[in-house]
Amino acid sequence: VPVLQDVDPGQSPQDPVGRPIMHQSGIKHATGEAVYIDDIRPVDGELSLAVVTSTKAHAKIISIDASEALQVPGVVDVVTARDVPGENGKDEQAYAEDKVICVGQIICAVVAESLTQAKCGAEKVKIVYQDLEPILTIEDAIKHNSYITEERKIEKGDIEKGFESADEIIEGELHVGGQEHFYLETNSVLVIPRVEDKEMDVYVSTQHATDVQELVASALNLQSSKIMCHVKRVGGAFGGKITKPSLFAVIAAVAANKTGHPVRFTLERNMDMLITGGRHPFFGKYKVGFMNDGRLIAADFQCYINGGCTKDESELVIEYIVLKVDNAYNIPNLRVRGHACKTNLPSNTAFRGFGFPQAGLFLETCIVAVATQTGLPHEKVREINMYKGVNLTSFKEEFDAENLWQCWEECLDKSDYYRRKAMVEEFNTKNYWKKKGISIIPMKFSVGFNATYFHQAGALVHIYIDGSVLVTHGGIELGQGIHTKMLQIASRELKIPLSYIHFCETSTTTVPNGKYTAGSIGTEINARAVQDACQILWKRLDPIRRDNPNGKWEDWISEAHKQSISLSATGYFKGYDTNMNWDTQKGHAFPYFLFGVACSEVEIDCLTGGHKNIRTDIVMDACFSINPAIDIGQIEGAFIQGVGLYTLEEIYFSPEGEQLTLGPDTYKIPSICDIPEQFCVYLLPNSRNSIAIYSSKGIGEAGFFLGSSVFFAIRDAVAAARKERGLPLDFTLNSPLTVERIRMACDDVFTDMV
1 VPVLQDVDPG QSPQDPVGRP IMHQSGIKHA TGEAVYIDDI RPVDGELSLA
51 VVTSTKAHAK IISIDASEAL QVPGVVDVVT ARDVPGENGK DEQAYAEDKV
101 ICVGQIICAV VAESLTQAKC GAEKVKIVYQ DLEPILTIED AIKHNSYITE
151 ERKIEKGDIE KGFESADEII EGELHVGGQE HFYLETNSVL VIPRVEDKEM
201 DVYVSTQHAT DVQELVASAL NLQSSKIMCH VKRVGGAFGG KITKPSLFAV
251 IAAVAANKTG HPVRFTLERN MDMLITGGRH PFFGKYKVGF MNDGRLIAAD
301 FQCYINGGCT KDESELVIEY IVLKVDNAYN IPNLRVRGHA CKTNLPSNTA
351 FRGFGFPQAG LFLETCIVAV ATQTGLPHEK VREINMYKGV NLTSFKEEFD
401 AENLWQCWEE CLDKSDYYRR KAMVEEFNTK NYWKKKGISI IPMKFSVGFN
451 ATYFHQAGAL VHIYIDGSVL VTHGGIELGQ GIHTKMLQIA SRELKIPLSY
501 IHFCETSTTT VPNGKYTAGS IGTEINARAV QDACQILWKR LDPIRRDNPN
551 GKWEDWISEA HKQSISLSAT GYFKGYDTNM NWDTQKGHAF PYFLFGVACS
601 EVEIDCLTGG HKNIRTDIVM DACFSINPAI DIGQIEGAFI QGVGLYTLEE
651 IYFSPEGEQL TLGPDTYKIP SICDIPEQFC VYLLPNSRNS IAIYSSKGIG
701 EAGFFLGSSV FFAIRDAVAA ARKERGLPLD FTLNSPLTVE RIRMACDDVF
751 TDMV
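Mapping the sequence shown onto UniProt numbering, position 738 (from 1) lands on 738, and the numbers just tick up by one.
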C-alpha cells in the first residue's frame, strides 16, 4: 500500500490540492465510454484512407502505378506527393518523392468509401525501385561516418591525470536495444473540411497540437488560423506522438483537400509499428579509472544512438544522454562524447525518459564492473561515489544532493535491504537451479528542457452566469491526469468545489501556440497558466466579495455580470529560465532535479532463463504532490515500462531493414505477471520544491529508470549462479535481459551443447 503525504492541517476541507482525487476520466477508461478518435461517429461523405509503404530500406522510386488500384470498387482516388499544394513536411517528407530512406516510409495513400476497399486498393499499387546501399546499424554508421548532428561533448577535470592516478583501469561496452511505444490507441486522425474559406477541423491523437496545425497549414498552403486542431484525449503516447502525428495529419488533410471529403486515417497495430520509430538503440564504450576502495577517479564515455533516417528528436536525445549520463555519481574527471547515427531505419523519436534510461544503465554497468573488480559490495561502491551536499553537475549546474541521500537511506530502511540481502545469499547456497538477486539503484533525474521557450504555456478560463467554470489550457491528456490536476488547481484558486469546474478539450482555437506535452513538465507549466487566469478572475471579483462577504459563489458571479465585469481570462506562463551553451560546456540546463531510489528482488530459473519479480520498494522525491494517487500511479506505470525495456521488449529487423516484430504476438510487453508480487511506493516526506507550483515536482518519467533495479537484481542472481559454477564474474549483460540472455549467461553443461 503506497504511503501518501499528509495534507496541510490548515487546508480548507473543500480544497482538493494534495489529495488523492480519482482521474477525471478514470471510470470512462474502465467502461469504454471514453471517446477516442476512432470512436467518433462517421460524418457525411467520410472516406477511409490506407497507405502504401516502402518495402525497401534505401532506394530510388522509378515509378508508381496506381491504375489497378483506381479500378477497385469504392476507391475514390490515390494521393501522392504531387497532390501536396504546399510544403511536403519539414524534417521528414509526408509522402516520399524521389526516393525512400527506410522500410515503412509512406509513398502514397488510397482513399475509398470503406477501409476494406482502401486497403484492397493499396495492395494493387505497384512501385518500381532502384536499390541503393542501406546503413542499418550503429556499427555501420560509425564505419561510414553517417551522423545526424555534430558530436556533443562535455568534459570536466583533467581526465588524463585522473587515469594516471587511478589504481586500476577497466574498459568495456554495452548495448541497449530499442523499444516500441506500444500505446493502446494507435495513431489516428479525422480531417473534416469546412464548407467555406478552406477551413479544416483536424481531430488527432497527438502530444503537440500546434505542430499538427502548423504542418497541415504549410502542406495546404494556408494560414494556421484556418486549421482547427482538436484533442479530447490521447490513448497513450510516451513521446511517440510528438512528431509523427503531424505527418499523418498532413497525409489525411491532403487527401481531404483533393477529394473535398472528410478523411479518416487510423493505423492498425502492425502498420503503426512498421512506420513509426521508437526508443533509440544505444551503444556505449567506457574506460573507467578507479581506486581500490571503489572510488571512480576518471571516466571516458563514448555514446552512440541509432537515430534512424531523419533528425526527428535525435539531437535532443543525444544531448540529454551526454548531460545526464553521470546520474547520481560524482566523477571528478569525466569526458562524455555523444553521436546520433543516421541509418536507414524508421526515424527514432522521443520516448519516456528521453535518453536517460539508456545512459543510466550504461553508468550503472560501469559501477557494477568496478564493484566486481574490487570485490566490494555493489551498494558500497554506489554510496562512495554518490553526490554529496551542494555540488555541481558536469555542465556546472548547482544542485543539492540532500534529498538523494534521504531517498537512499529511506529505501535501505523501507526495503529492509541488508537483512533481505543476507536471506538471498542463504537461499542461493541451498538452491542450484534457482537463484535470487537483489539490487538497490539511486537516481538523479533532471526535469524539463534546456531552453526556456519549451516551458511556456497558456490557459483560458470562463465563468458562466450560473457559476459553472470551463477550463482550457495547452496541455494534452495522455492518460497522466493533467486535466484532473488542472481542475484541482482551479478549484483551489477560485475556492469552489470540483463539481463546478469542467474541461472540454485541448484546441488550437482556444489556446494557441502550445508546446508539446512531454518532459515531465506538462502539468506544472500549464498549471501555472491556469493559476494565472484564475487569479486574474479572483481579483476582478474583489469588489463584489467586499460588498457581499457572506454571499454565495453564484451570487458573486451574477452580480459581476450585472456590473459588466469580464468573467473570462487568459493565463500565461513564460517558462523556467534554462539554457545550455555547448561551446563553453556550461549552462543551467534544467529547471530542477528529482531524486529517487529503488530496491528490487528477483528469482531466476537457471534452466529456463525465466524470472519473477518478487518485491520492489521505491522512494521518490515528489515534494508536495498535487495528486498523490495519480503521481504514484505514474511512478508505478513508468517503473513497469522500464522493466519492459530492460528485461522483455526486443525489436528485430531483417538484414534488409524490415522490422519483424510488428504486434503482441512477436513483441512482448509487460503484463500483470511482471508486476512485483510486493510493490511499495513511498513519497519522500517533508520535501519541498520552491520552483514549481505548490512546491510540487514533475514525476511522469522519473520512475522509468528505476526499472533497472530489476535488471541488476537479475544480474546479481546470474552472478550467484556463475560463482557456484566457477565461472568468471566480470561478464557483461546487454539489455534487454530476455530469457535467452539470462539462460545463456548462467552457462552450464546444457548451454555448452549449443
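For every residue, glycine included, the Cβ atom is placed at its ideal position computed from N, Cα and C.
- Look at the segment 401-448 and you find these whole runs of beta strand (DSSP E), each 3 residues long or longer: 434-447.
- When beta bridges are read from the DSSP output, V749 appears opposite no residue.
- M271 sits in a helix when the DSSP states are folded into three classes.
- Rounded to whole angstroms, the gap between the alpha carbons of S114 and T349 is 31 Å.
- Contact annotation: the segment 512-525 touches the segment 439-449, with at least three C-beta pairs closer than 8 Å.
- For the set S439, E398, T616, V78, the Cα lying nearest the Cα of F712 is the one of S439.
- Nearest C-alpha to V52 among V43, N385, I64: I64.
- Taking a contact as a CB-CB distance under 8 Å, the pair T80 and C108 counts as one, their CB atoms being some 5 Å apart.
- By a beta-carbon distance limit of 8 Å, A122 does not contact K436. Their separation comes to about 52 Å.
- For G375 and C411, the gap between their C-alpha atoms comes out near 24 Å.
- By alpha-carbon distance to K697, the top candidate from V381, S687, E383 is S687.
- Counting the other CB atoms within 10 Å of its CB gives E160 a total below 16, which places it among the exposed residues.
- By alpha-carbon distance to E559, the top candidate from I544, N550, G571, A569 is I544.
- Residues of the same chain with a CB within less than 7 Å of the CB of V250, apart from the 5 flanking positions on each side, are G89, A94, L215, V216, A219 in chain order.
- If you check the CB distance, N403 and L684 come in under 8 Å.
- Separation of the CB atoms of G360 and F639 is rounded to 13 Å, and the pair is thereby denied contact status at 8 Å.
- Assigned with DSSP and collapsed to three states, M386 falls in strand.
- In this structure D631 is buried. Its beta-carbon is surrounded by 16 or more other beta-carbon atoms within 10 angstroms.
- When C-beta atoms of the segment 460-473 are compared with those of the segment 500-511, three or more pairs fall below 8 Å, so the two segments count as touching.
- Residue burial annotation: T584 is exposed, with fewer than 16 other C-beta atoms found within 10 angstroms of its C-beta.
- Below 8 Å, enough C-beta pairs join the segment 377-394 and the segment 329-337 to call them touching: three or more.
- Inter-segment contact for the segment 66-79 and the segment 253-261 is present: three or more beta-carbon pairs are separated by less than 8 Å.
- For I630, no beta strand (DSSP E) encloses it; the enclosing alpha helix (DSSP H) starts and ends at 628-647.
- A distance of 8 Å or more separates the beta carbons of Y203 and G236.
- Runs of the alpha helix (DSSP H) spanning 4 or more residues and lying entirely within the segment 698-754 occur at 708-724, 739-746, in chain order.
- In the same chain as E319, and ignoring 5 residues on each side of it, the C-beta atoms closer than 6 Å to its own belong to R152, in chain order.
- In the DSSP assignment, R528 falls within the unbroken alpha helix (DSSP H) covering 522-540.
- DSSP places Q179 within a strand segment (E or B) once states are collapsed to three.
- With contacts defined as CB atoms closer than 8 Å, N292 and F248 fail to qualify as a contacting pair.
- Considering only F283, S67, G596, V511, the residue with the shortest C-alpha distance to A569 is V511.
- Approximately 5 Å separates the beta-carbon atoms of K668 and L648; this is inside 8 Å, confirming the contact.
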